[in-house]
Amino acid sequence: MRELLFALREFAPRRDFVVYAQRNISPTMLAGWPIVPLPRVSSLLRVPITLPRAVQRSGADLLHVQYNAPPVSPCPFVVSVHDVGWIKYPQFFTPGMRSRLALLTPNTLRRARRVFALTQAIANEIAEVYDTPLDRIDVVSPAVDPVFRPDHADSALKAVLERYHLPKDFVLYTGALQPRKNLTRLATAFSRLVKKGLPHSLVIAGRRAWLHKGMLEDIERLKLGDRLHFTGYVEQADLPCLYAAASAFVYVSIYEGFGLPVLEALASGTPVLASSIPAIREVAGDAAEYCEPLDVDDMEGALERVLTDSALQTTLRDAGPKRAKRF
């Protein structure tokens with residue numbers, strides 16, 4: 443969202459933009475942008491009531507929403523749909539989330555002036571699932587913040603590792619902790635490499651999200667001990683050095699609409715192992731190593747190659763930043 447706002451300001455400098463936000467936003471994330479705070483209420487009240495009231499008061503000419511628009515909008519709107527995971531993989535969503543999206547999203551798509559998808563793969567899925575003509579869907583991919591780059595001072599890298607109590611050699615995952623991120627299979631593949639003598643640790647960085655409990659219990663049963671690190675939420679300012687310090691970045695989701703962490707890792711020059719699913723391949727191209735997300739054996743072999751094949755590491759480190767510049 444931050445990069446989109448900066449791009450809009452550059453593209454249309456004479457336009458005024460405001461951000462409607464219910465959650466607390468980091469001052470550094472949207473510094474300089476006018477923010478209209480919304481009451482902290484359920485989305486069942488926010489979407490139909492508090493959001494349209496705020497939009498009407500501010501006199502907006504166009505509203506950009508994600509997934510769901512007010513049933514009665516005070517102005518025309520466009521909608522971003524990141525994926526249709528609640529239909530493709532309903533087991534990865536709570537009943538409440540599925541019900542809300544099923545109730546509001548189809549109507550939103552029908553009424554929107556334009557529909558934005560993050561990748562062509564997701565545009566095709568939206569067209570298939572909701573019978574939305576492709577000529578109404580625009581592919582608008584996220585950009586990567588320029589703070590994600592390969593060159594960081596050794597002192598900065600060391601400070602971040604010390605702040606989160608991390609070892610020198612580690613495999614990194616960043617993102618929400620939820621079942622579709624496939625972290626149990628990742629940890630299983632990693633545990634096999636530890637038994638083979640791999641010196642690295644596995645660092646899982648991110649907040650716990652919905653349906654995480656069973657997944658974390660499965661990971662704990664692998665008994666990785668001090669070779670497994672859960673950092674919790676990582677400050678945005680620390681992420682660039684965390685990526686750059688990692689021996690490899692892994693993102694083996696079962697389903698994604700884009701996978702922004704993959705793009706951030708590529709820009710950081712960190713070797714990437716990712717799922718061989720359409721959206722991720724569209725993002726990373728030939729700048730990543732791939733594995734089948736449901737095949738632990740394939741994942742183990744791919745991760746071993748990324749961590750031990752020096753020629754492959756050099757190829758991926760060189761290709762990543764070049765690929766990221768395309769976004």
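Numbering-wise (the numbering used here), the sequence shown opens with residue 443 and increments by one. We put the beta carbon where it would ideally sit given N, CA and C, even for glycine.
By the CB criterion at 9 Å, Tyr606 and Val645 fall inside the cutoff.
Around the beta carbon of Asn510, a 10 Å sphere encloses 16 or more other beta carbons of the protein chains shown; the residue is thus reported as buried. In the DSSP assignment, Asp760 falls outside any beta strand (DSSP E) and within the unbroken alpha helix (DSSP H) covering Ser752 to Ala766. Rounded to the nearest angstrom, the gap between the Cα atoms of Tyr462 and Gln498 is 12 Å. With distances taken between CA atoms, Leu749 lies nearest to Phe612 out of Phe612, Ala598 and Ala721.
CA-to-CA, the gap between Arg669 and Leu635 works out to about 11 Å. Excluding its 5 nearest sequence neighbours in each direction, Leu486 has no C-beta neighbour in its own chain below 6 Å.
Straight across, the Cα-Cα distance linking Ile529 with Ala598 is about 43 Å.
Cα atoms of Thr547 and Gln755: separation of roughly 42 Å, rounded to the nearest angstrom. If you draw a straight line from the Cα of Tyr572 to the Cα of Ile564, it is about 12 Å long.
Here His671 is bridged, per DSSP, to Val645. If you look at Cys733, you'll find it in the beta strand (DSSP E) that goes Glu731 to Cys733. Ala601 carries a helical assignment under DSSP once its states are collapsed to helix, strand and coil. Taken in chain order, the unbroken stretches of beta strand (DSSP E) that lie wholly in the segment 489-513 and span 3 residues or more are 505-508.
Minimum Cα-Cα distance from Asp728 among the listed residues Leu543, Thr616 and Arg768 corresponds to Arg768.
A residue is called buried once 16 or more other Cβ atoms fall within 10 Å of its Cβ, and Gln508, having fewer, is exposed. Beyond the five residues adjoining it in sequence on each side, Glu742 comes within less than 6 Å, by CB distance, of Ala631 and Arg634 in the same chain, given in chain order. In the structure shown, Val523 adopts extended strand secondary structure according to DSSP, grouped into three states. In this model, Asn624 and Arg456 are separated by some 44 Å (Cα to Cα). Contact check for Val557 against Val520 passes: the beta carbons are separated by less than 9 Å.
Shown here, Ser484 sits in coil according to DSSP, grouped into three states, outside any helix or strand. The Cβ atoms of His654 and Leu619 lie closer than 9 Å to each other. Taking the Cα of Ser718 as reference, the smallest distance to any Cα among Ala709, Pro476, Asp739 and Val694 is reached at Val694.
Annotation for Pro703: the continuous alpha helix (DSSP H) segment containing it runs Leu702 to Ala709.
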